[in-house]
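Below is one structure, written out as structure tokens; comments come after it.
In UniProt numbering, the protein residues as written are 1 to 239.
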């Protein structure tokens, strides 16, 4: 890893600011002054110090966000606010990205990380990582429609969705809510599945990914780092 990236990721400023610190002779690698910010170092095998203090390096960041409605699941957009815009400069220096997408009008669990391997595992259709949604429907839903959702329905392109789990929370006129768990992530899949059984999604919120559930203490737009246990759960092989 380049020295300037290691120092920037460890909180010593932007890459431009880090360059000035190195130029001032404040950075040592294995006891010798560092002269080139482009030099490659191994933080696991080499000792890097700044003004005599060891650099406490961390490579990855893992944030659980309660994505608010109206914000894009993207790293940048010239016209609209993105989930990354909600982060502090300290967190943004890790260059996190959303692991998976939620529609602009969808709320709930969103993982932001710079760990590409974990993101790939979570999003790979071969891994069958379950994702549970709270789905508010326009009209009441029948037992037959629930059975169809669980067995798989045909959506755009003639694709039949994989078996899902659907649980009715309330089924009153004007207040029909189900919990839907799917193991894939086709475009607008939950909305398309509801449409396939003659209904329409009025509100959508992701509650969990794998064994990790959205922290109920997080208001829309708030986030926190994953606990070690939650990170372990996300790294578990799926059944």
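From the three backbone atoms N, C-alpha and C, an ideal C-beta is built for every residue, glycine too.
Less than 8 Å between the beta carbons of residue 186 and residue 108, yes or no? no
Is it the case that the Cβ atoms of residue 66 and residue 222 are separated by a distance below 8 Å? yes
C-alpha gap between residue 43 and residue 18, whole angstroms: 16 Å
Residue 234 Cβ short of 7 Å to the ligand COA heavy atom set: Of ligands this structure carries none, so the ligand COA is not represented either.
When the distance is taken between beta carbons, is residue 134 closer than 8 Å to residue 192? no
Residue 209 and residue 129 closer than 8 Å at C-beta: yes
What residue ranges within the segment 126 to 155 form continuous alpha helix (DSSP H) runs of no fewer than 4 residues, ordered along the chain? 143 to 151
Inter-stretch contact at 8 Å, needing at least 3 Cβ pairs: the segment 32 to 48 / the segment 85 to 105: no
Cβ-based neighbour list, residue 40, same chain, cut-off 7 Å, excluding 5 preceding and 5 following: 1 and 2
For residue 99, count neighbouring C-beta atoms within 10 Å of its own C-beta (all shown protein chains included) and say buried if the count is 16 or more, exposed if not. buried
What beta strand (DSSP E) runs, 3 residues minimum, are completely inside the segment 80 to 131? 107 to 113
Within the segment 191 to 234, note down every full alpha helix (DSSP H) run reaching 4 residues or more, in order along the chain. none
With distances taken between CB atoms, is the gap from residue 97 to residue 110 smaller than 8 Å? no
Taking Cβ positions, are residue 152 and residue 162 nearer each other than 8 Å? yes
With a 10 Å radius around its C-beta and 16 neighbouring C-beta atoms as the bar for buried, classify residue 131 as buried or exposed. buried
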